[in-house]
Amino acid sequence: MRVVLAEDLFLLRDGLTRTLQDHGFDVIAAVDNGPALLRTLLQEEPDVAVVDIRLPPTFTDEGLQAALEARRSRPALPVLVLSQYVDQLYAHELLAGGEGAIGYLLKDRITHTTQFVDAVRTVAAGGTVMDPQVIARLLARSDARGTTAELTPRELDVLRLMAEGRSNAAVAGALFISESAVAKHTAAIFTKLRIEPSADDNRRVLAVLAYLKR
Amino acid sequence: MTRRQVGMAAQGTRRRPGIRGVPADIGRCQLLSLAAFAVSGAGALVIGALLLLPVGVGFLLLPPAATVLRRMSDRYRDRAARRTGTVISPPRPLPPLPTGPGGRGRRALALLGDAGFWHDLRWAWAEPWTGALLAAGPPALVWYGLFGAAVQPFVWRRLGEGNWYAFVLVDSTTGMLAALVLGLGFTAAGLRLAPAVLRLHARWSGRLLAAPYTTELVRRIEHLAGSRADVLDVQAAELRRIERDLHDGAQARLVALGMTLDEATRLLDHDLPAARALLQEVRATSQRALQDLRELVHGVLPPILADRGLGDAVRSLALDSHLDVHVEAALPGRLPAPVESAGYFAVAELLANAAKHSGAPEVRIRLGHTAGVLRVTVADEGRGGADPDGSGLRGLRRRIEPFDGTLVLHSPRGGPTTATLEIPCASSLPKTSSSSGTG
Chain U
1 MRVVLAEDLF LLRDGLTRTL QDHGFDVIAA VDNGPALLRT LLQEEPDVAV VDIRLPPTFT
61 DEGLQAALEA RRSRPALPVL VLSQYVDQLY AHELLAGGEG AIGYLLKDRI THTTQFVDAV
121 RTVAAGGTVM DPQVIARLLA RSDARGTTAE LTPRELDVLR LMAEGRSNAA VAGALFISES
181 AVAKHTAAIF TKLRIEPSAD DNRRVLAVLA YLKR
Chain Y
1 MTRRQVGMAA QGTRRRPGIR GVPADIGRCQ LLSLAAFAVS GAGALVIGAL LLLPVGVGFL
61 LLPPAATVLR RMSDRYRDRA ARRTGTVISP PRPLPPLPTG PGGRGRRALA LLGDAGFWHD
121 LRWAWAEPWT GALLAAGPPA LVWYGLFGAA VQPFVWRRLG EGNWYAFVLV DSTTGMLAAL
181 VLGLGFTAAG LRLAPAVLRL HARWSGRLLA APYTTELVRR IEHLAGSRAD VLDVQAAELR
241 RIERDLHDGA QARLVALGMT LDEATRLLDH DLPAARALLQ EVRATSQRAL QDLRELVHGV
301 LPPILADRGL GDAVRSLALD SHLDVHVEAA LPGRLPAPVE SAGYFAVAEL LANAAKHSGA
361 PEVRIRLGHT AGVLRVTVAD EGRGGADPDG SGLRGLRRRI EPFDGTLVLH SPRGGPTTAT
421 LEIPCASSLP KTSSSSGTG
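Protein chains in written order, with full-length UniProt numbering: chain U, 1 to 214; chain Y, 1 to 439.
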């Protein structure tokens, strides 16, 4: 799987490259600034891009802008965005296209290698991965407004993991319950939140997020 | 109604709802012209006291005379502010009575050196000539007009020849009708002129009564010194907080991290499961340290604010809020960093207040930058009754005071609440953001 990497700190760039290579990814380019990232994304057409939000030359949201710009000419280009902080506004901008194949994670999550690599794979496969912090805040918010008040604590757990882009099997593993139990909870959540059920994991997460961010 | 202003707008106007309308304005003109006699009386008193200074009696008379005059000028300033909204900055209070022997004499001498006292006297001399004459114009027109319109038709027959009304010779029915029309014209002109004359009078009084320039400067310097001291305090407190947070938070966790790593290394040889457990602990600790640092950074300068500027940072706040927050931002570009920061934390505070106290489900935030002033309004339809002296709002004022910023809180009991924040500043960098968002 061909990966383009954008990260301005040499140590992190090096570490990320090694981690991805160890897990069988082919890191075709590792750049350290916004303009180079945009150029590479448009020329190389990678299977997935792993992008730090803050990049030179402006050291603001150069990486995010380059990723969004690249997705304008190549919709659904899989991009996993990493950042020292997560912001709902950025999450909204990333999800605004509605095509999926988007990931948005705190940089800390890199330290959990398997979860990070899973996230890269999910995004490359067209899935959506949101950082637990984003999900937690969305849930807290919709809870305060009463939209998820009907859900049981267990269903909330399932919803949270689902929104993080995990499959039913992964959710079952994380909560130590059976896969069929997860399926049952999922059906209950969709009914309570009045979301049309769908077999597609990606659309499922998008539907949840779309519902939560209303 | 709770209405509070800070900063330079602290001496804001208070409009008292009085009798409105043109007849009331005529009455006011009349009163002003009559009041001018009282002013000239007070002025004469002061001049008398001044003339009596060589014989010594003046030293006793001057302070009370000056006090009477000051009371009168204060009343004028107050009235100008109430009626026309023209704020006239008052001079410094008159010098107080020094203690000890010869206090009265020394007070009189202090008065002679006080710029405000001479300003008062100048005004007392000018008001009867300029102010009173000006104010007397409209009533005179009205009275003379009424005389022409209401009295001439009845009296012209008895007066016989040579009866002139203004420039009309009234010795026939035609002349009488002309006088009638002219009289009505005068009355109308008088009525018409009254409000303008009142405004003119207020502006003229403002010129004469405004605090001397040096007083203004001293006041400004005092304000600046005060707000600078505040800024230094706030800054020192902030540094202390950052130091403490780093010391007790991230730094302590990193030390613990090192120790745990060391322990894990030692265990690697003979107790692999224990070493693994420790290493997992290391990861958890490192994440907590990161979380600490992240919160610290957010408290110093929210990254979204640094990245995107005020508009998007407020949108992000809106998305995080439990309330339905509508943001309309029309900012021409990036504002100076300190202003963005002050604006951001102010909005965060106001939003938190709305969430905590208003009970309203919806908040509207409007950001605009016109004529070199950043204007932020945060409005909700909640229950109102916000306390302008709550700790949060006091902190907010301290943040915007160094910029000469103002906060006007309008929050009557029963709602709605509108907070308007204004910070003078120029904008930079033509990077626009003008869409609106909902969260």
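Heads up, the beta-carbon is just placed ideally off N, CA and C, and yes, glycines get one too. Predicted model, so just to flag it, every value in this text is computed and none were measured.
By the C-beta density criterion, Y/S172 is exposed, having fewer than 16 other C-beta atoms within 10 angstroms. Taking a C-beta cut-off of 9 Å against chain U, the contacting residues of the stretch 324-342 of chain Y are D324, listed in chain order.
Counting along the chain, U/M130 sits inside the beta strand (DSSP E) bounded by residues 128-130.
With contacts defined by Cβ atoms closer than 9 Å, Y/L94 and Y/A66 form a contacting pair. The residue from Y/L134, Y/D292, Y/P138 with its alpha-carbon nearest to that of Y/G249 is Y/D292. DSSP, reduced to helix, strand and coil, places Y/S391 within a helical segment of the structure shown.
Beta-bridge partners of Y/T420 (DSSP): Y/T377, Y/V408. In the assembly as shown, U/S142 is a buried residue. Its beta-carbon has 16 or more other beta-carbons within 10 Å. Per DSSP, the continuous alpha helix (DSSP H) segment holding Y/V197 begins and ends at 173-209. Less than 9 Å divides the Cβ of U/L94 from the Cβ of U/L64. Residue-level contact check: Y/Q287 touches chain U, since one or more beta carbons of chain U fall below 9 Å from its beta carbon. Restricting attention to beta strand (DSSP E) runs no shorter than 3 residues, the stretch 298-346 of chain Y encloses them at 324-330, ordered along the chain. Under DSSP, Y/H369 forms a beta bridge with Y/L374. Within the stretch 293-314 of chain Y, the residues whose Cβ lies closer than 8 Å to some Cβ of chain U are R294, V297, H298, P303, I304, A306, D307, R308, D312, listed in chain order. Using a Cβ-Cβ distance cut-off of 8 Å, the stretch 413-423 of chain Y and the stretch 378-385 of chain Y are in contact, since at least three pairs of beta carbons, one from each stretch, lie closer than that value.
Taking 8 Å as the cut-off between beta carbons, none of the residues of the stretch 10-35 of chain U comes near chain Y. For Y/R366 and Y/P195, the gap between their C-alpha atoms comes out near 35 Å.
In this model, U/A169 and Y/G258 are separated by some 36 Å (Cα to Cα). Membership of Y/V218 in the alpha helix (DSSP H) is indicated by the continuous run 213-245.
DSSP, read as helix, strand or coil, puts U/L55 in coil.
By the neighbour-count criterion, in which a residue is buried when 16 or more other Cβ atoms sit within 10 angstroms of its Cβ, Y/Y213 is exposed.
Shown here is that no member of the UniProt domain "Histidine kinase/HSP90-like ATPase" (346-425) of chain Y has a Cβ falling below 7 Å from a Cβ of chain U. Chain-ordered, the chain Y residues with CB closer than 9 Å to the CB of U/Y85 read R294, V297, H298, P302, P303, I304. Taking the CA atoms as reference points, U/F10 sits about 41 Å from Y/G395. Contact of Y/Q251 with chain U is not assigned, every C-beta pair being separated by 9 Å or more. According to the DSSP assignment, U/D26 belongs to the beta strand (DSSP E) that extends over 26-31. When the beta-carbon positions are compared, Y/R219 and Y/S89 come within less than 9 Å of each other. Nearest to U/D47 by alpha-carbon distance, out of U/I135, U/T186, U/V158, U/G127, is U/G127. Looking at the DSSP output, U/R2 shares a beta bridge with U/D26.
One finds H322 in chain Y with Cβ atoms closer than 8 Å to the Cβ of U/A144, taken in chain order.
Judged by DSSP in its simplified three-state form, U/Y85 adopts coil rather than helix or strand.
Under the 9 Å criterion on CB atoms, Y/L319 is classed as interfacial with respect to chain U. Contact of U/R137 with chain Y is assigned, a C-beta pair being separated by under 9 Å. Under a criterion of Cβ atoms nearer than 9 Å, no residue of chain U is adjacent to Y/R240; the nearest Cβ is some 24 Å distant. When CB distances to chain Y are screened at a threshold of 9 Å, the residues of the stretch 85-101 of chain U falling below it are Y85, D87, Q88, L89, Y90, A91, H92, in chain order. By the beta-carbon neighbour count (other beta carbons within 10 angstroms, threshold 16), Y/F403 is buried.
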